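Per this note's numbering: the sequence shown = residues 1405 to 1855. Beneath this line is the structure, given in structure tokens, with notes to follow.
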Amino acid sequence: MKSLLHQAIKILLLSLVLIPLASQAQVEKISYMRPSYFRPYDQTGINKFETSKEADQVPFDGLRVRLGAGFTQQFQNLKHENTTADNSEGANKIYPIKPGFMTAQANLFLDVQLADGIRLNLTTYLSSRHHNETWVKGGYIQFDKLPFKGKFWDDLMKMATIKIGHMEINYGDAHFRRSDGGHTLYNPFMESYIMDAFATEIGGEIYLQKNGFFGMAGMTNGMIKGHIDSVAKTTQDDNTKRAPSLYGKVGFDKQITEILRVRVSGSYYHNSSSAGSGLTLYSGDRTGSNYQNVMELWKDNAGAVKASTAMYASGRLNPGFSKKLDAVMLNSFVKLAGFELFGTYETAQGRTKNETNVRKASQYAIDGLYRFGKAEKVFLGVRYNSANATLAGQTNDITINRFAIAGGWFIVKNVLLKAEWVDQRYKDFTITDYRSGGKFNGYVIEAVVGF
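Written out as structure tokens, the structure is:
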């Protein structure tokens, strides 16, 4: 009898919980569908930059939820070498590598249309080179409409977009084409640029778009994560002020004719004093390079073999501007029928908290592609990228040059097979640096899924 009474009480309590939820579900409509003002994760998202203000074709009639993902499986056959002193078994021996597969990388995308013109994005790294375990990349809320009544607000939001969150910042145009963990479908090549300008920071951005012209202003905390800790002064720098990062972009993007599209943009990023976890504009990628373990030291200072997860920035250059930074990136994009040109020029200056003098770095890159076949499912491309920098501890300005040839085939719009041959060379490093006389070359193949 006592047991039956307990069961009856449980059923009653469960009913009290479920009945209101069932009633609410009948009132509130939830559907599985793409959000508005959204960049697709498949082939249709290629060569898209900021989301447009074109009228959306999907009317809002309730909460819309969409799950997406990016998967990348890679095979690498690269060789590397250096000519630096003590490079056989000593401190400058580079990591011994052989042909093989990289651990598969995966991203998970959650996009939700919360209200008319208001959407949420959350991106999670499920598996990556730097973190094999799951990490949240970031997320944001984007407003393309406001829930305020009035002609002023309606007219304003026909041009304006507001983004707020812990998110990938919109500095430059190159980050729209880079590989990002498991989502490598937008990138016709294997890797991002040598100086990989990419960061996730906490803040907001405001956009205006009209007749092809656009502008953006943003402000963030200037750090890859939240940070409330106090910091100590250094001998070289007693400024413990925590300044925000201020950045912006202006440009023009228009389909001139049916076969000709032109886009030009200029971006600026500034932080006068990041007295916290440090600026990460050139070291903010938490997934890692798509060239695995090339031109990396074999052992750490203690003589232990370095873990692959710690060597996540292979082939890249971080100029080390963690305390102060001013950077400018200029981009141009031209698409004429199946031919594409994407150009980048970037210059930056800054220093660490342990320096007094400002150092400089710059790079330029040009991508040339030809897309052909039905729906441009096949492409061939060539890239040249050169970076020059004054690095701490180097007596000369150093240079790194990369040349790459790539090709790919979209089996369907969600599935891509691509391959690249690359040659990268390191110049003017001091003879005691492990990168002195360094170079790597070979091929990389990737199978990619994005939806």
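We put the CB at the ideal spot given by N, CA and C, even for glycine. Only a predicted model underlies this, so the values are computations on that prediction, with no experimental measurement involved.
Residue state for residue 1539 is assigned as strand, using DSSP reduced to three classes.
By the Cβ criterion, the stretch 1657 to 1668 is not in contact with the stretch 1809 to 1828, since fewer than three pairs of Cβ atoms, one from each stretch, lie closer than 8 Å. CA-CA distance, residue 1745 to residue 1602, rounds to 21 Å.
For residue 1580, the secondary structure class from DSSP, reduced to helix, strand or coil, is helix. Between residue 1486 and residue 1503, the C-beta spacing is not below 8 Å.
Close CB contacts of residue 1619 within its chain, under the 6 Å cut and outside five residues either way in sequence, are with 1612, 1654 (chain order). Residue 1737 sits buried, since 16 or more C-beta atoms from the chains shown fall within 10 Å of its C-beta. Of 1728, 1689, 1453, 1591, the smallest CA-CA separation from residue 1644 is found for 1728. Between the C-alpha atoms of residue 1709 and residue 1513 there is a straight-line separation of about 35 Å. At the C-beta level, residue 1671 and residue 1575 come within 8 Å of one another.
Residue 1763 has its alpha-carbon roughly 14 Å from the corresponding atom of residue 1721.
Of the residues 1488, 1452, 1669, the one whose Cα lies closest to the Cα of residue 1836 is 1488. When only Cα atoms are considered, residue 1586 and residue 1690 end up about 12 Å apart. Along the length of the stretch 1818 to 1846, whole beta strand (DSSP E) runs at least 3 residues long occupy 1819 to 1831, reported in chain order. Residue 1679 and residue 1540 have their C-alpha atoms spaced approximately 24 Å apart. Counting along the chain, the unbroken beta strand (DSSP E) around residue 1653 starts and ends at 1649 to 1659.
According to the DSSP assignment, residue 1557 belongs to the alpha helix (DSSP H) that extends over 1555 to 1561.
For residue 1499, the closest alpha carbon among the candidates 1851, 1848, 1629, 1843 is that of 1843. Cβ neighbours of residue 1821 within its own chain (closer than 6 Å, five residues either side excluded): 1813, 1851. In this structure, 1741 is the residue among 1806, 1741, 1768 with its C-alpha nearest to the C-alpha of residue 1779. Distance check between residue 1470 and each of 1450, 1536, 1838, 1435 places 1435 closest, using alpha-carbon atoms only.
Judged by DSSP secondary structure, residue 1515 falls within the beta strand (DSSP E) whose first and last residues are 1509 to 1519. Distances from the CA of residue 1467 to each of 1478, 1772, 1432 were compared; the closest alpha carbon is that of 1432. Ranked by Cα distance from residue 1714, the first of 1516, 1638, 1536, 1444 is 1536. The alpha carbon of residue 1614 has as its nearest neighbour, out of 1825, 1455, 1793, the alpha carbon of 1455.
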